[in-house]
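Per my numbering, the very first residue in the sequence shown carries number 14; after that it's consecutive.
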Amino acid sequence: MIKFPRNFLWGAETSSYQVEGNNSNSDWWQWEKDTGKENSGNACRHYELYSQDFDLAKSLNHNAHRFSIEWSRIEPEEGKFSQEGLKHYIEVILALKARNIEPMVTLHHFTNPIWFSKSEGWENRKSVARFLRYCEFVTSALAKYVRYWITINEPTIYISHGYILGVWPPQARSLLKAKAVEDNMVLAHIQAYRLIHKIYKRSDIPEPSVSIAQNVMAFVPCTRDLKNRFAAYLRDKWYNFGFLDKLMRHKAMDFIGINYYSRQLVEAPNWGLSSLAMGVCKNDHHLVKKNSLGWDIYPEGLYELLLKLKKYAFPVIITENGICTLDDDLRWEYLYAHLKNIHLAMEKGVVVEGYLYWSLIDNFEWDKGFAPRFGLIDIDYNTYQRTVRESARRFGRVCKTGVLE
Ligand code: FCB
């Protein structure tokens with residue numbers, strides 16, 4: 014029998030831009046308009062329907078829920094903070110607490126206010142002070158309700174997609190800019206971490222638990238060729254652990270939040286930097302099942318990564334893991350296999366304190382639009398009707414009993 018600890022955090026998550034709808038002060042909204050990309054529009058209308066969604070989470074026995082605050086609703090114009098925007102998120106948190114669901118709040122999940130991006134976004138050194146001012150406003154008001162904070166969601170994805178691959182706003186392709194953004198995000202996290210702790214201390218509130226949500230991938234060499242093995246080693250070091258190493262050195266983490274989805278089959282055709290950093294096998298060697306976006310399903314990768322995290326000697330929370338698919342049996346297979354691998358790692362001494370599935374409801378998957386279905390709950394985008402999937406019920410039984418059958 015596979016049994017998880019009693020006080021394990023079980024639940025799912027969303028992010029503001031992907032579910033709320035009509036975030037018209039956000040830079041992603043502007044980008045959709047400028048590029049003619051699929052519009053997020055009403056998204057899931059979660060901004061109005063959140064109570065309904067939390068009722069469903071409760072009925073599925075979730076005891077934790079991660080969501081994000083849309084910075085552009087809090088500070089639609091530089092320095093002008095919206096009490097109304099804040100009030101909404103207080104209501105959201107109270108709605109979770111009324112259902113005995115522990116909130117985990119993300120302060121930055123890929124999107125920025127338009128004014129922020131117009132003044133060079135995260136490339137600008139001032140971004141750090143700007144982010145801190147927003148954090149101060151939000152966290153001082155929410156401290157009394159919230160214990161778990163994620164400052165920044167997946168900085169490495171934000172940087173690689175926005176500043177190296179150039180597929181997300183601001184569509185830059187510049188290592189120099191990427192480096193500036195990384196430096197600013199590292200500093201922003203460290204300072205936000207200290208600020209949040211200071212606010213709790215000052216208000217005599219028991220210590221918070223603060224982290225980032227780090228996207229990690231299983232980098233698997235396609236063949237035993239030295240180039241491939243070296244490339245996989247480098248990617249692990251840079252991509253998976255670069256950010257974490259820096260934050261650990263500054264003692265700016267209370268737990269490790271990781272988002273895990275898939276593996277990358279590493280094939281470096283030559284010793285050049287971009288081949289080592291980005292070369293992938295295109296021949297579908299070592300075929301495995303895939304999600305509807307073509308990402309490999311590779312649960313053992315999560316086990317291997319969790320063991321690697323042991324070196325930090327910090328508790329881990331799986332802040333995201335999930336699959337987009339129209340085959341709900343495959344969703345359950347995915348969930349089951351990943352939970353099993355987490356448990357295996359726990360048996361090997363890794364301290365895992367929670368598992369949050371991405372996502373509670375189907376939602377707007379960034380540049381991929383509404384087609385990918387990641388939700389435990391199906392959304393009908395014509396009627397906004399919610400329908401609980403069978404995999405969600407099965408996961409709900411695990412949440413209730415802590416037992417994976
Ligand atoms: C992660 C993001 C999340 C969602 C999932 C599928 O990288 O944090 O917003 O898009 O992928």
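Beta carbons: idealized from backbone N, C-alpha and C, even for Gly.
Using a cutoff of 8 angstroms, the CB of GLY335 counts as near the ligand FCB, since one of the ligand's heavy atoms is closer than that. The criterion of a C-beta distance shorter than 9 angstroms is satisfied by ASN253 and LEU318. Using a 10 angstroms sphere on the CB of ASP249, the tally of other CB atoms reaches 16 or more, which defines it as buried. Ranked by how close their Cα comes to the Cα of ALA350, the residues PHE408, ASP267, CYS148 and PRO385 have PHE408 in first place. Judged by their CB atoms, PHE144 and ILE87 are not nearer to each other than the 9 angstroms cut-off. Inter-residue distance for LYS131 and GLY285 is about 35 angstroms (C-alpha atoms, whole angstroms). When the five nearest sequence neighbours on each side are left out, the beta carbons in the same chain lying within less than 7 angstroms of the beta carbon of PRO183 are those of SER130, GLY134 and GLY175, in order along the chain. Residue pairing by DSSP puts ALA231 in a beta bridge opposite ARG276.
A contact between stretches requires three or more CB pairs, one per stretch, nearer than 8 angstroms, and the stretch 289-302 fails this requirement with the stretch 354-374. TYR274 has its CB nearer than 8 angstroms to a heavy atom of the ligand FCB. For PRO234, the closest of ALA226, ASN228 and PHE243 by C-alpha to C-alpha distance is PHE243.
Its Cα nearest to that of TYR347, the residue TYR370 stands out among ILE330, TYR370 and VAL329. Ranked by Cα distance from ARG406, the options ASN55, ILE225 and ASN74 are led by ASN74. Per the Cβ contact rule, the stretch 268-282 is in contact with the stretch 323-338 (3 or more Cβ pairs under 8 angstroms). Annotation for GLN31 indicates a beta carbon within 8 angstroms of some heavy atom of the ligand FCB. Annotation: HIS210 is outside any beta strand (DSSP E); the continuous alpha helix (DSSP H) that includes it extends over 188-215. Taking a contact to require three or more Cβ pairs closer than 8 angstroms, the stretch 26-37 and the stretch 83-102 qualify as touching. Among the bridge pairs identified by DSSP, GLY270 is matched with ALA226 and ILE330. By the CB criterion at 9 angstroms, ASP47 and ILE127 fall outside the cutoff. With a cutoff of 8 angstroms, TRP345 does not count as near the ligand FCB, since its C-beta is closer than that to no heavy atom of the ligand. Separation of ILE177 and LEU289 (C-alpha to C-alpha, rounded to the nearest whole angstrom) is 15 angstroms.
Judged by DSSP in its simplified three-state form, SER140 adopts helix. Nearest C-alpha to GLU167 among VAL363, ILE114 and HIS202: HIS202. Relative to the ligand FCB, the beta carbon of GLU378 is positioned inside 8 angstroms of a heavy atom.
Put simply, the backbone Cα of ARG276 is about 19 angstroms away from that of PRO282. Secondary structure at SER39: strand, using DSSP grouped into helix, strand and coil.
Contact between GLU313 and ASN376 is absent: CB atoms are separated by about 28 angstroms, not below the 8 angstroms threshold. Listed in chain order, the non-local C-beta contacts of ILE212 below 7 angstroms within the same chain comprise THR152, SER153 and ALA156, local neighbours out to five positions each way being set aside. Ranked by Cα distance from LYS190, the options PRO221, TYR171, ALA205 and TYR206 are led by TYR171. Excluding sequence positions up to five before and after GLY24, its CB lies within less than 6 angstroms of the CB of HIS75, ALA77, HIS78 and LEU369, all in the same chain and listed in chain order. Approximately 7 angstroms separates the beta-carbon atoms of CYS57 and TYR397; this is inside 8 angstroms, confirming the contact. Under DSSP, ASP393 takes part in no beta bridge, so it has no partner. Collapsing the DSSP output to three states places ASP341 in a helix. Excluding sequence positions up to five before and after HIS263, its CB lies within less than 7 angstroms of the CB of ILE203, all in the same chain and listed in chain order. Boundaries of the alpha helix (DSSP H) harbouring GLU317: 312-322, taken from the DSSP string.
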